[in-house]
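Step one of this worksheet: look at the structure below.
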Amino acid sequence: MVTSLRFRILLMVILAMGVFFAPGVAHGQEGATHYTVQPGDTLLLIAQHFHVPMELLAQANGIQDPNLIQVGQTLVIPDAGMVAQAQVQARLQEMAPALARTWRAEGMWAMAPLIQALGWPELSHLAPWATRWAARDAHVPPPLLQVRAPTRIVQGRTATIRITSLSPIPPAGRFQNRDLFFLGEGQDTLGYHFVALIPTGALDKPGDKPLTLRIGPVTWQVPITILAGVYETQHIVLPPSKGKLLAPDKLKAERERLYALWARISGPPRWSQPFRFPIAEGFPRTSPYGTRRSYNGGPVASFHAGSDWGAPEGEPILAPAPGVVVLAENLFVRGGAVILDHGAGVYSNFWHMSRIDVHPGDVVQAGDTLGLVGNTGLSTGAHLHWEVRVNTVAVDPMQWTQTPPVVSNQ
Ligand SMILES: [Zn+2]
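The sequence shown begins at 57 in this note's numbering and counts up by one.
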């Protein structure tokens with residue numbers, strides 16, 4: 057028997073699928089289509105005529121043996137909703153073993169109502185929080201079918217969260233008091249797929265940080281733990297001529313302008329493979345991402361937001377991935393600066409350049425020259441500073457050259 061909850065889930069799946077039939081036969085009083093068996097009819101011919109599976113036609117009429125139908129007998133013809141329900145149910149049953157394996161292996165969280173609908177009580181221990189939600193809000197149709205997110209993220213890494221929803225509207229997401237931005241990744245018989253990047257910074261506090269998802273009145277909490285990364289502390293002494301660059305009002309004005317720029321999500325991702333190094337190989341990395349920093353004996357209150365390579369002045373700087381130039385000018389603190397928008401809220405930033413060869417609005421491909429290495433702004437020697445920002449958070453750029461988060465371009 058179809059429970060009312062299961063019916064609601066499937067009804068929403070059907071609505072999401074947009075499956076509609078246009079039967080050419082008069083409808084009965086309850087909206088169902090009826091057919092009277094004629095001489096020469098077989099159940100298979102009738103099923104083919106109405107484009108419904110014969111098993112479903114037999115089931116809808118309580119027919120045990122398809123050969124036993126009688127002329128004059130009235131049959132209920134399953135409507136589009138029943139057909140779609142049966143198709144979805146069959147598809148879910150078919151996918152069940154693979155889904156269960158994935159959930160176990162990758163820590164994907166199944167919504168308890170889906171678990172119940174599919175009759176997998178053995179999986180319910182995987183989603184204790186989802187079960188609690190189901191017990192409290194069982195009357196609310198569950199739009200969220202599954203959530204796939206890491207249970208642990210190391211400071212500075214960028215992770216992804218993927219969800220499947222019965223709603224075409226993406227959920228609102230929050231993590232560490234920052235909004236997440238969900239991008240569509242297509243639709244299939246299971247529902248609508250969305251993905252969001254989860255950036256973490258080198259100074260994010262380690263510990264349990266539940267990620268919150270909200271669709272309409274319903275919220276879910278996804279348990280995530282931030283683990284400490286391995287970062288060193290660097291004491292930097294600036295020559296008197298550069299010390300004036302630490303002027304608080306100048307720092308603040310420049311920072312606010314850049315944060316406003318990084319907060320913009322211009323569109324879908326432009327990268328589809330690992331980022332290339334933005335400089336020729338062979339130069340030493342002089343200061344990795346995440347190094348805690350103290351200037352002129354002051355407190356350790358900041359960290360190195362990018363990754364530095366010691367390259368001579370005049371060495372070409374190359375675009376690490378496709379992007380659009382959104383800033384190309386000399387900044388007070390950061391010197392000669394270029395910012396590339398890679399889409400999906402991901403930006404590459406290059407500071408201290410001696411020459412800039414691009415203009416705002418330029419579309420560049422991986423490997424295109426952006427300008428030259430220099431020693432301008434808050435810098436104590438010629439070097440390349442490359443910084444990656446995700447939803448304004450400075451993340452480890454090296455991850456992006458090895459295993460960048462995958463977001464399919466829809
Ligand atoms: Zn740097």
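Backbone N, C-alpha and C fix where the C-beta goes; we use that ideal spot for every residue, glycine too.
Keep in mind that this is a model prediction, so the values were computed, not measured.
Tell me which residues share the same chain as residue i and place their Cβ nearer than 8 Å to its Cβ, disregarding the 5 neighbours each side in the sequence.
i	result
Gly423	Arg332, Leu374, Ala375
Val462	Thr216
Thr207	Gly163, Pro279, Ile280, Thr281
Ser410	Glu369, Gly370, Gly392, Gly427, Leu428, Val429, Gly430, Asn431, Thr432, Ala438
Asp97	Ile125, Val127
Asn117	Leu131, Val132
Gly338	none
Lys306	Phe388, Val389
Who are the near neighbours of residue i in its chain, counting only those whose CB is closer than 6 Å to its CB and skipping five residues on each side?
i	result
Val469	Residue 469 lies beyond the range of the chain shown here (57 to 466); nothing can be said about it.
Glu371	Val429
Arg234	none
Val108	Pro134, Val139
Arg218	Arg204, Val251
Ala114	Pro122
Arg445	Trp318, Tyr403
Are there 16 or more other CB atoms within 10 angstroms of the CB of residue i, so buried, or fewer, so exposed?
i	result
Ile321	exposed
Asp264	exposed
Ile271	buried
Glu443	buried
Asp397	buried
Arg326	buried
Ala400	buried
Pro224	exposed
Ala284	exposed
Ala303	exposed
Leu100	exposed
Ala190	Here the model assigns Ala190 a pLDDT of 37, short of 50, so the residue's position is not dependable and the matter cannot be decided.
Ala377	buried
Arg313	exposed
Arg341	exposed
Asn352	exposed
Pro296	exposed
Pro460	buried
Ala493	Residue 493 cannot be examined here, being either before or after the span of the chain that is shown, 57 to 466.
Val394	buried
As a quick exercise: from the options, pick the residue whose alpha carbon is nearest that of residue i.
i	options	result
Gly391	Leu236, Gly430, Ala228, Arg349	Gly430
Ile102	Ile133, Gln115, Ala116, Pro334	Ile133
Glu310	Pro378, Leu387, Val449	Leu387
Gly257	Gln329, Pro295, Arg348, Glu241	Arg348
His249	Ala393, Arg204, Val414	Arg204
Tyr315	Ser464, Asp97, Val402	Val402
Pro324	Glu241, Ala303, Val278	Glu241
Ser363	Gly353, His408, Gln329	His408
Arg230	Trp276, Leu131, Glu337	Trp276
Leu222	Ala228, Gln243, Leu239	Gln243
Gly247	Phe238, Ile119, Leu200, Met110	Leu200
Pro355	Ile119, Thr289, Ser464, Ala361	Thr289
Look up residue i in the DSSP assignment and give the residues it is bridged to.
i	result
Gly379	Val420
Phe106	According to DSSP, which records beta bridges pairwise, Phe106 is partnered with nothing at all.
Glu385	Ala393
Phe406	Val394, Trp442
Phe339	In DSSP, Phe339 forms no bridge with anything.
Trp365	Arg341, Leu440
Leu253	Thr216
Ile209	Ile282
Thr275	Arg270
Gly247	Asp244
His415	Answer by DSSP bridge pairing: none, since His415 is not bridged.
Thr289	Arg348
Val449	Val446
Gly229	Leu236, Leu269
Gln120	BP columns for Gln120 are empty, so no partner.
Leu200	Ser221
Ile373	Gly427
Tyr91	Leu131
Asp264	Thr281
Which whole-angstrom value describes the C-beta separation of residue i and residue j, a residue pair presumed to lie in contact below a C-beta threshold of 8 Å?
i	j	result
Ile254	Leu236	7 Å
Ile282	Pro262	5 Å
Phe359	Leu434	14 Å between Cβ atoms; not a contact.
Gly417	Val381	6 Å
Thr220	Gln202	5 Å
Ser343	His291	At roughly 12 Å, the Cβ-Cβ gap does not stay under 8 Å, so Ser343 and His291 are not in contact.
Ala384	Val420	With 8 Å as the limit, Ala384 and Val420 do not qualify as a contact, their Cβ atoms being about 11 Å apart.
Leu440	Ala367	5 Å
Trp365	Ile335	6 Å
Excluding five sequence neighbours on each side, which residues of the same chain lie with their C-beta closer than 7 Å to the C-beta of residue i?
i	result
Gln455	Arg213, Thr214
Asp452	Gly212, Arg213, Tyr345, Gly346
Gln458	Pro330
At least one CB of chain B closer than 9 Å to the CB of residue i: is that the case?
i	result
Trp327	Structure shown: chain B not included; a single protein chain is present.
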